[in-house]
Structure formats: C-alpha cells, structure tokens
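Report on the following structure.
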Amino acid sequence: MRIGSQEHRDAFCTHFTQTYIEYDPKTLPWPVLEPADLKRLQAVPFWEEVFYTERRAGAIVAAFTETVGDPVLKAALAMQGEEETRHANLIRVMIDKYNLDAPERPMEDLGPDIETRFKDFGFGECLDSFLGFGLFKIAWQAEFLPRELMQIFATLMYEETRHIVFFINWMAYTEARRGWLARTVSPLTSLHYYLRAVHRMMGLARRGKQMNDGQNFAATQVSVFLDGFNFRRFLEDCYAENSRRMSVFEPELLRPSFLPQLASVALKALRLWSVRAEVEPNTVVLPPLHGALPGEKPHLAQVNQ
Ligand SMILES: [Fe+2]
Ligand SMILES: [Fe+2]
Numbered sequence: 001m002r003i004g005s006q007e008h009r010d011a012f013c014t015h016f017t018q019t020y021i022e023y024d025p026k027t028l029p030w031p032v033l034e035p036a037d038l039k040r041l042q043a044v045p046f047w048e049e050v051f052y053t054e055r056r057a058g059a060i061v062a063a064f065t066e067t068v069g070d071p072v073l074k075a076a077l078a079m080q081g082e083e084e085t086r087h088a089n090l091i092r093v094m095i096d097k098y099n100l101d102a103p104e105r106p107m108e109d110l111g112p113d114i115e116t117r118f119k120d121f122g123f124g125e126c127l128d129s130f131l132g133f134g135l136f137k138i139a140w141q142a143e144f145l146p147r148e149l150m151q152i153f154a155t156l157m158y159e160e161t162r163h164i165v166f167f168i169n170w171m172a173y174t175e176a177r178r179g180w181l182a183r184t185v186s187p188l189t190s191l192h193y194y195l196r197a198v199h200r201m202m203g204l205a206r207r208g209k210q211m212n213d214g215q216n217f218a219a220t221q222v223s224v225f226l227d228g229f230n231f232r233r234f235l236e237d238c239y240a241e242n243s244r245r246m247s248v249f250e251p252e253l254l255r256p257s258f259l260p261q262l263a264s265v266a267l268k269a270l271r272l273w274s275v276r277a278e279v280e281p282n283t284v285v286l287p288p289l290h291g292a293l294p295g296e297k298p299h300l301a302q303v304n305q
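Residue numbers for the sequence shown follow the working numbering, so the first one is 1 and each next one is one higher.
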C-alpha cells in the first residue's frame, strides 16, 4: 500500500471509524469510592488541566474538520472531534461526581492557522500518550484507584491510542500528497513539531510547579502512585506499553515511531551506563486493549485480536 494513496486514506479512516465505541459518560459504571480512594482521587493535581486539554482538543479538531474538503477524511475527523468532546464530558461527569477541584477555564483563542494548531495538537497527543501509557501502567500496578475507575480511564487511553495512529497516518498521507519535497523532509517536519510539543510540556510543568509550590497536598497523596519511581523503569514501561497498545492495529497502518525509537536508544544507553540491578519482570495483568467497558458488546478490533 502506497502512503498517500486513496487505499491508504481508506485504510486508516475505515479502521478509525470501525473501532468506535458507543457510550455515554453519564451512564458509565462509576464506582462509589471509599473515603481513602476519594481523597487520593481529589489530591491528583492535574484534573483542571486534563479537563481544559480535552475541551481544547474538541474545539481544535472540530474547527479543523470544517476546513477539510475530502468527505472520507472529514467524517473520520468529525468522529475524532466528537470523541474529544466526549472525553471532556467524561471528565466533567467525574469532577461533579467526586467533587474534584477543577474549575472550567475560559477557552483560548485558537488563532487563524487552524491546520498548524491541529498538527501541534496531534504531535502533542503523541507525546502525551507515550508518557501516559507508562503512567497508566504504574497507576494500574500500584492499584492507585479502584479497578472500575481505572477501567473507565483505560477506555479513554484506548481512544487516545486510536487518535494518534489516525493522526500519524493523516500526517503521512497529507505530506505524501504535497509532493516529493514535503515527503523527503517529513522526518524533519515531525522533529520540529515534537520539539514544539516538548517545549509546551516543559512550560506546563514549570507552571504546575509554581502553582503547587507551598501546597504540598498532592505530594503525599500521589506518592503512593510514584512509590519507588525510577526514570529507567518509567521509560521501559512507556516503551513496553506503547508496543503492546500498538500491536492491535492493522499491520499496514503507520504508527508513531519517533518517540519509541528515541526511548529505545535512551534505554540502551541507560542499560550500559546503569549499574543497578535489572528491573524485575512485571507479572501484573494489564487491562484489555480494546477499551471495552464492563457489560459492553465487543467490537471489531476486539474480535480480531
Ligand atoms: Fe482526548
Ligand atoms: Fe485524542
């Protein structure tokens, strides 16, 4: 299959739309939390940021969808926009249900160049998801929150995985159709957008640190989650989880490769350099990859696994 061909477009759009999961955030099996679990959930410092990020994601994808002429791409992008808005609604339901301190911030102006905004958002999602895979695994293993709640987050993670696979294919398809020059420099284009994503993430981390300075409420609660945290172990989890999650996608689809490759090189260097004992193998059973919610009908991707 040639990247940039109609066959390629149909493959990544069809896969995306066929793996859609139907659910309403309000009727999900939200568990009643024990006081200690509730306290831990309330102490997570980033719900306001997650809520804003999902609302912003919905707005960016919806605005970009308006500019797309190709009906196949437009339908798939519209679905992604709806999923992002549903993520925001899911977070809103959780905030209300568990009384989390996460006010709704005013939405920023998205600016006139919505295509660049969409690309920034797409590469940002690739970075967030790669790190999120590792964090989710650590939280799952630490039983940071009850399984029923983690299972709801697992569905969200599955949808984000579909988004980044869709985005990477859309990006390659779009660049290939712009001609040989865009195709040739596309690794540099990706690098450029990844660096912008890292820069934004560092800015966010700096702002988060400033906001949380003097308020150590989160540190003690979240320490359960990060107990025994070590960077190499975290990177290994990100890498392994990325491979596991990507394994369910059709082999002919492209996957994000820049961060896994970078992580692989970094891990080799860390292994050579580190004199620490080998990380113990994980024996924990991780959530299923399809992201289906309890009591749901399995969908196509699940059946095909
Ligand atoms: Fe999302
Ligand atoms: Fe997403």
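Built from N, CA and C at the ideal position, the CB exists for glycine as well.
Just checking my contact of residue i with residue j at CB under 8 Å: how many whole Å lie between their CB atoms?
i	j	result
I91	E49	Actually they do not touch by this definition, with Cβ atoms about 10 Å apart.
Y239	P260	6 Å
A176	I3	5 Å
L235	A269	No, L235 and A269 are not in contact; Cβ-Cβ is about 11 Å, not under 8 Å.
Y193	F118	About 11 Å; that fails the 8 Å criterion.
L77	V165	The Cβ separation is near 14 Å, so there is no contact.
V72	C13	5 Å
Let's test the definition: count the other Cβ atoms within 10 Å of the Cβ of residue i and tell me whether it reaches 16, buried, or not, exposed.
i	result
H199	exposed
W273	exposed
P9	Pro is not the amino acid found at residue 9; the sequence shown has Arg there. It counts as buried.
G81	buried
N230	exposed
T116	exposed
R271	exposed
Q151	buried
E316	In the structure as shown, the chain begins at 1 and stops at 305. Residue 316 is therefore absent and cannot be evaluated.
L195	exposed
L28	buried
T19	buried
M157	buried
W180	exposed
R244	exposed
A197	buried
M94	buried
A59	buried
A205	exposed
V185	exposed
A88	buried
V265	exposed
Q6	exposed
Please tell me whether residue i and residue j are closer than 8 Å, where the distance is taken between their beta carbons.
i	j	result
I138	F64	no
E104	F51	yes
H15	E250	yes
A57	F121	yes
E143	P31	no
V61	E84	yes
D237	G111	no
T17	A75	yes
L145	Y98	no
H163	E108	no
L127	M202	no
D101	Q42	yes
F258	S190	yes
F153	F167	no
L286	W170	no
Does residue i come within less than 8 Å of chain D when only Cβ atoms are used?
i	result
L38	Protein chains in the displayed structure number just one, and chain D is not present.
Does the beta carbon of residue i fall short of 7 Å from some heavy atom of ligand 2?
i	result
E49	no
H15	no
W192	Just to set this straight, residue 192 is His in the shown sequence, not Trp. Not under cutoff, so the answer is no.
E125	yes
A142	no
A139	no
H8	no
Does the beta carbon of residue i fall short of 7 Å from some heavy atom of ligand 1?
i	result
H199	no
A76	no
E160	yes
A63	no
E54	yes
E82	no
A57	yes
H87	yes
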